[in-house]
Amino acid sequence: MSAERYAELIDDLCAAVGLPDAEHVLDTRSIEVAGFDVRLDHYENDEGALYVNFDFGAVTAGRTATVFRLMLEANLLVYAQDQAQLGLDTDYGNAMLLIRIDMSADLKGEALADLLAHYAEHGRYWQQNILEANDERFDGVASGNFPGFGPDARQAVAPPRSPSIIQGQLKKFRSGSPKRASNGNIPRVATPPSKSRSSPPHKAFPPFRLTLPCAPPTILPDSKDRME
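Add 230 to a position in the sequence shown, counting from 1, and you land on the number used in this note's numbering.
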C-alpha cells in the first residue's frame with residue numbers, strides 16, 4: 231500500500247463516474263459529490279488507508295449544543311462501526327464526516343463511488359433534518375419525537391436505509407461475514423469486470439464534479455519589511 235495505490239484508486243474512481251481529469255483530483259485531493267465538498271486524503275503514516283472527509287455544512291447559530299449532542303450520539307450509534315466519525319472543521323466550524331477506508335487490492339473505483347454516494351445521502355439527511363431544518367423539524371429530531379422515526383435514537387441521527395439499497399450493497403460487496411455487512415461496516419469489495427479508461431460510466435451515480443483549485447494564500451510582508 232503506497233501513494234501508487236492511492237493514485238491508482240483515484241484514477242479508477244474518476245473512470246467509474248466519468249470525471250475527465252484524474253490528475254486534477256490528485257493535485258487538489260478533492261471532488262464534489264452530490265453538491266458536497268469531499269476531501270480524498272492519503273497519509274504516509276497510514277499507507278493502507280484512504281481518508282474521506284465530507285463537509286456537511288455550517289451549524290445554525292443557537293443550535294450548536296443540541297447539534298453537538300446529536301453528533302456524539304451518531305458517532306456512538308451509527309458511525310463507530312463504519313470507521314467513521316462526525317466532527318467540526320477547525321477553521322470554519324462546519325460539520326464534517328471523516329471516513330477511513332481500507333485501500334485493499336480488490337477495492338475498485340465503482341465500489342468507492344458507491345460508498346461516496348451512500349455518505350452523500352447521510353450529508354443530505356443531516357442538512358435537511360438537522361443543520362438547515364426549520365425549528366419544528368429540528369426540535370422533533372432533537373427530542374426523538376419526529377414522526378416517522380419511532381423510538382430508536384439511531385433513526386434520528388442517520389438516514390433510513392431502504393431495502394433496495396441494503397440488498398444492492400450486499401450483492402455488490404464481499405464481507406468477512408453477512409452480519410458485519412448488514413450492520414454497515416465498510417466491507418471488502420468484489421472485483422468488477424475490467425474495463426478500459428475510455429469506457430463510459432455504466433451505473434447511475436449522483437453528480438461527481440471536479441473542484442476548482444484554491445487560490446494561493448496571500449502572504450503579507452512583516453512589520454520590518456513594511457517599515458523599509
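Cβ coordinates follow ideal geometry from the N, Cα and C atoms, glycine included.
Per-residue DSSP class, three states only, for residue 268: Your numbering for residue 268 matches position 38 in the sequence shown. Strand at residue 268.
Neighbour flag for residue 276 against chain B, beta carbons, 7 angstroms: No chain B appears in this structure, which consists of one protein chain only.
Local Cβ density within 10 Å of residue 260, reported as buried at 16 or more and exposed below that: Translated into the one-based positions of the sequence shown, residue 260 becomes position 30. The residue in question, residue 260, is buried, as its Cβ has 16 or more Cβ neighbours within 10 Å.
Element boundaries [beta strand (DSSP E), containing residue 243]: Reading the sequence shown from its first residue, position 13 is the one you call residue 243. Unbroken run through residue 243 is the alpha helix (DSSP H), 233-247; no beta strand (DSSP E).
C-alpha distance - residue 357 paired with residue 238, whole-angstrom precision: Along the sequence shown, read from residue 1 onward, the residue named residue 357 stands at position 127. Along the sequence shown, read from residue 1 onward, the residue named residue 238 stands at position 8. Computed Cα separation, rounded: 32 angstroms.
Three-pair Cβ contact test at 8 angstroms for the segment 359-368 versus the segment 278-285: no
Sequence-distant residues of the same chain with beta carbon closer than 7 angstroms to residue 368, five excluded per side: Walking along the sequence shown from the start, residue 368 turns up at place 138. Same-chain partners within the cutoff: 293, 360.
Residue 243 and residue 314 closer than 7 angstroms at C-beta: As a working mapping, residue 243 is identified with position 13 in the sequence shown. As a working mapping, residue 314 is identified with position 84 in the sequence shown. No, Cβ-Cβ distance for residue 243 and residue 314 is not below 7 angstroms.
Residue 439 (DSSP reduced to helix, strand or coil): As a first step, residue 439 must be located in the sequence shown, where it is residue number 209. In the structure shown, residue 439 sits in a strand (DSSP, three-state: E or B).
CA nearest to the CA of residue 311, picked from 254, 324, 298, 329: For this step, residue 311 is matched to residue 81 along the sequence shown. For residue 311, the nearest C-alpha among the options comes from 329.
Euclidean distance between Cα positions of residue 241 and residue 252: Along the sequence shown, one-based indexing puts residue 241 at 11. Along the sequence shown, one-based indexing puts residue 252 at 22. If you draw a straight line from the Cα of residue 241 to the Cα of residue 252, it comes to about 5 angstroms.
DSSP three-state assignment for residue 334, whether helix, strand or coil: Within the sequence shown, the letter at position 104 stands for residue 334. Correct three-state label for residue 334: coil.
Start-end ranges of the alpha helix (DSSP H) lying completely within the segment 266-349, minimum 4 residues: Fully contained in the segment 266-349 are the following alpha helix (DSSP H) runs of length 4 or more, in chain order: 294-304.
Start and end residues, alpha helix (DSSP H) containing residue 262: Your numbering for residue 262 matches position 32 in the sequence shown. Residue 262 -> not in any alpha helix (DSSP H); beta strand (DSSP E) instead, spanning 260-263.
Cβ pair residue 370, residue 266 closer than 7 angstroms: By one-based count along the sequence shown, residue 370 stands at place 140. By one-based count along the sequence shown, residue 266 stands at place 36. Not in contact: residue 370 and residue 266 (Cβ atoms no closer than 7 angstroms).
CB contact flag (residue 289, residue 297, <7 angstroms): In the sequence shown, residue 289 corresponds to position 59, counting from 1. In the sequence shown, residue 297 corresponds to position 67, counting from 1. Taking 7 angstroms as the Cβ cut-off, residue 289 and residue 297 qualify as a contacting pair.
Spatial neighbours of residue 335 in its chain, beta-carbon cut-off 7 angstroms, leaving aside the 5 residues before and after: Taking the first residue of the sequence shown as position 1, residue 335 is located at position 105. None.
Residue 250 (DSSP reduced to helix, strand or coil): Position 20 of the sequence shown, counted from the first residue, corresponds to residue 250. Coil at residue 250, not helix or strand.
Residue range of the alpha helix (DSSP H) that includes residue 366: In the sequence shown, the residue the question calls residue 366 occupies position 136. 365-373 is the extent of the alpha helix (DSSP H) around residue 366.
Cβ shell of residue 380 (< 7 angstroms), same chain only, five flanking positions each side left out: Residue numbering aside, residue 380 sits at position 150 when the sequence shown is read from its first letter. Confidence in residue 380 is poor, its pLDDT being 40 and thus under 50, which makes the residue's placement too unreliable to answer from.
Other residues of its chain near residue 262: CB distance less than 8 angstroms, five sequence neighbours each side excluded: One-based indexing of the sequence shown puts residue 262 at position 32. Correct list, in chain order: 268, 437, 438, 439, 440, 441.
Buried versus exposed, by CB contacts within 10 Å (16 or more), residue 423: On the sequence shown, residue 423 is found 193 positions in, with the first residue counted as 1. For residue 423, the predicted structure reports a pLDDT of 35, less than 50, and the residue's modelled location is therefore unreliable. The matter cannot be settled from this model.
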